[in-house]
Every structure is written in structure tokens, then in C-alpha cells.
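Right, one structure below, let's go through it.
Residue numbers (the numbering used here): 76 to 263.
Dropping the structure here:
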């Protein structure tokens, strides 16, 4: 049942198949590391939903060799912070990972920074962001990515809950949604 402020230590539902983590708070959620990973099968889903801030150490919802990563769905009415990291199965220093042997799970982080003109920064969890990468095992939001408005690529989304967030290219760095058929190329 919902509580005003929830403060927990590490949450571990990992196993051969990961278990579900669902935390609903009226005001805020603070936890240590969340691990819903599956060692063989699918990773467990993680849902965090307060009207205020969410702060975690990290979220590990990876699937095992014969599974897919779990779904991570965060709806922070204000700010989201992942202040720690871990090395995922692909060797990525991750704050949030849903990588899996058969594919990654979707990650959606909804936050209220847009209405306060506070960006979401991958690489800086001091106010609104993560210390390390957000990855589904194939696609990542890497360090130093800064988003004032929504950013969606493949199954990853960092979305401001304020529809009036800046869209001027001088202030926002949204990433367009790509189809799986699209390819990313670097210019040499």
C-alpha cells in the first residue's frame, strides 16, 4: 500500500528468473541498489512511482543467457537520481541496465524536471540524472548526455512530465526515435 515517504535499503528479487519490484509512495522513494536480475531466465520488472523524488543506488533488471531484461518504469513527479553503478553483463558501467541474453527490456524514466527547467544528466546524479549509463544492452544513453526535453531512442526513454519543456535546440538535446531497421553510423 502507498506510504508518504519510503526509505529502504537494497532490494533484491534476483534468482534464476528475476522477481518483480513495485514501490508506490505518496511523496518519495529512496532505496539502495535494486536487483531484479535473472541468472538464467528473464529479469524482473521494476516500477517506482511517487509524486516526488526517486533516489536509488542503481537498477539491475538484466535477463540471463536464456532470458530478456525486465521492464523498468519510473514515474518521479519531480527528480530521479541513480547515484551508483555496476558493471553489467556487456561490461558497461551502468546506473540502469536491462540487458539480456535474448534482448533487453524497455526503460522509461519519467521526471518532472522540465517544469523547473532542470535537465536530466547522464553522468551527474546530484539533482536529476544518473552517475552511469542507462542501457538495454544494445542501446545506451552514455555519460554527459543532457536532456531538457524528452529523449527516446529504441526502447529507452527519458521523458519530462511537463509538456511545456524547452524545445529550442540551444536548450534541449532530444534524441529522435529510431526504428530497429535504422542504423547508427559514426562519421570518420
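Ideal Cβ placement from N, Cα and C applies to all residues, glycine included.
Inset, instruction - Tell me whether residue 191 sits in a helix, a strand or coil according to DSSP, three-state version. - result: Taken through DSSP and simplified to helix, strand or coil, residue 191 comes out as helix.
Legend entry - Beta carbon of residue 152 nearer than 8 Å to that of residue 125: yes
Inset, instruction - Under the assumption that residue 114 contacts residue 90 (Cβ atoms under 8 Å), give the Cβ distance between them as a whole number of angstroms. - result: 7 Å
Legend entry - Under 8 Å between C-beta atoms of residue 135 and residue 161: yes
Legend entry - Closest Cα partner of residue 169 within the set 103, 105 and 197: 197
Inset, instruction - Kindly indicate which residue of 95, 120 and 129 has the alpha-carbon position closest to the one of residue 188. - result: 129
Inset, instruction - Have a look at residue 210 and residue 191 and give me their C-alpha separation to the nearest angstrom. - result: 26 Å
Legend entry - Member of 131, 81, 184 and 180 whose CA lies at the smallest distance from the CA of residue 139: 180 is the residue among 131, 81, 184 and 180 whose C-alpha sits nearest the C-alpha of residue 139.
Inset, instruction - Could you spell out the range, first to last residue, of the beta strand (DSSP E) harbouring residue 222? - result: 220-222
Legend entry - Residues of its chain near residue 178, where Cβ-Cβ distance is below 6 Å and the 5 sequence neighbours each way are ignored: 143
Inset, instruction - Indicate the three-state DSSP secondary structure (helix, strand or coil) for residue 111 in the structure shown. - result: coil
Legend entry - Those runs of the beta strand (DSSP E) which lie wholly inside the region 91-149 and span at least 3 residues: 96-105, 121-124 and 129-131
Inset, instruction - Report the option in 235, 224, 219 and 155 whose CA atom is closest to the CA atom of residue 104. - result: 155
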